[in-house]
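Convert by adding 3 to the 1-based position in the sequence shown; the result is the number in our numbering. Backbone N, C-alpha and C fix where the C-beta goes; we use that ideal spot for every residue, glycine too. One structure is given here, and the rest of the page talks about it.
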Amino acid sequence: MNLSGVLFFPVTPFRADGSVAGDVLAEHVGRGLEHGPGGVFVACGTGEFSALSEAEHAQAVRIAAETVNGRVPVLAGAGGPIGAALAQARAARDAGADGLLLMPPYLVNGTREGYSAYVSAVAGVLPTIIYQRGSVVLAPEQAVELSRIPGVIGIKDGVGDIDRMQRTVLAVREERPDFLFFNGLPTAELTMPAYRGIGVELYSSAVFCFAPEIATAYLGGDERLIREFYAPLVRLRDRVPGYAVSLVKAGVRHRGLDVGGVRPPLVDPSAEHVEELAGLIKSGLALVGR
């Protein structure tokens, strides 16, 4: 699978009655495509994966796949209990997705062999990228074992242990030079200089959802944005748990697309924080000449 550049993780829009706003999702994805993402990851973390029913998950994936129409790869979130993960994987396959981002199993921790069996079951449905975060923190030798499972094509890192990732990248690429690694930390741009230093160029961009002009300018090498936009954005994001998602939705709304609020247990940002976010977006756009 050819993934490159900025990876787009769209939000999942909700109507006032709480239902998924499919037409708004199609517009959101379509607007993002105009800025050339390297892939679209629908119904994942930023898309409130954990808050979607299986039917809503399938709906979101189908809409994204239809909107993208083969221009870039479309991957869908899957995970939690094995039954749910397999149902999501099969629905994503049937909806036209090209692959999966596999979230950690729900609540329980098993052995390495047990987790390998979990991964193998899901990767048998569609090509799978493992999301390393929460209960899934891989030792380099375990990552090598998982990379040998048919259908496993990559690892998204949401932990941020650069030493561990360096050893993992070296160990896995010794056998699989084509294996995908990408930085999946919230506001990944802030840490990309470190990840590039260990040979990881791909990253997911929450900012791409609401300010693709800024995200693509950063990809083009505008390092001013680290100090003057991304660092203050991270400080704002860290004030309230869940802002890694709800601030993104607020940003999309601020840019003129009504995607609704977030579902519990997340909370929408305060008016004060939305105003601060608007100021950051304005200054970031000014930095890139928009």
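Excluding the 5 residues flanking it on each side, Ala90 has same chain C-beta neighbours closer than 7 Å at Glu57, in chain order. The region 94–101 and the region 144–160 do not touch, with fewer than three beta-carbon pairs separated by less than 8 Å. Taking the Cα positions, Glu192 is about 11 Å away from Ile217.
The beta carbons of Ala126 and Ile165 sit no closer together than 7 Å.
With a cutoff of 7 Å on beta-carbon distance, Val77 and Val43 are scored as near each other.
As for any beta strand (DSSP E) of minimum length 3 sitting wholly inside the region 58–109, the runs are 77–81 and 102–105, ordered along the chain.
Rounded to the nearest whole angstrom, the C-alpha separation of Arg230 and Gly86 is 44 Å. DSSP places Val9 inside the beta strand (DSSP E), whose first and last residues are Val9 to Phe11. Judged by DSSP secondary structure, Val43 falls within the beta strand (DSSP E) whose first and last residues are Gly42 to Val45. For Thr131, the beta-bridge partners assigned by DSSP are Leu103 and Val155. Under the 10 Å beta carbon count, Tyr121 is surrounded by 16 or more other beta carbons and is classified as buried. Nearest Cα to Ala88 within the set Gly263, Val265, Leu250 and Leu129: Leu129. Rounded to whole angstroms, the Cβ separation of Pro13 and Val45 is 6 Å, and the two are in contact under 8 Å. When secondary structure is reduced to three states using DSSP, Asp166 falls in the helix class. Under DSSP, Leu283 takes part in no beta bridge, so it has no partner. Arg136 and Ala253 have their alpha carbons spaced roughly 25 Å apart. In the three-state DSSP reduction, Val27 falls in the helix class (H, G or I). CA-CA distance, Val172 to Phe185, rounds to 10 Å.
Tyr246: member of the alpha helix (DSSP H) spanning Tyr246 to His257, first to last residue. With a threshold of 16 other beta carbon atoms within 10 Å, Ala274 falls short and is exposed. Using a Cβ distance threshold of 7 Å, Arg240 and Ala234 do not count as a contacting pair. By the neighbour-count criterion, in which 16 or more other beta carbons inside 10 Å mark a residue as buried, Ala289 falls on the exposed side.
Asp160 is bridged by DSSP to Gln135 and Asn186.
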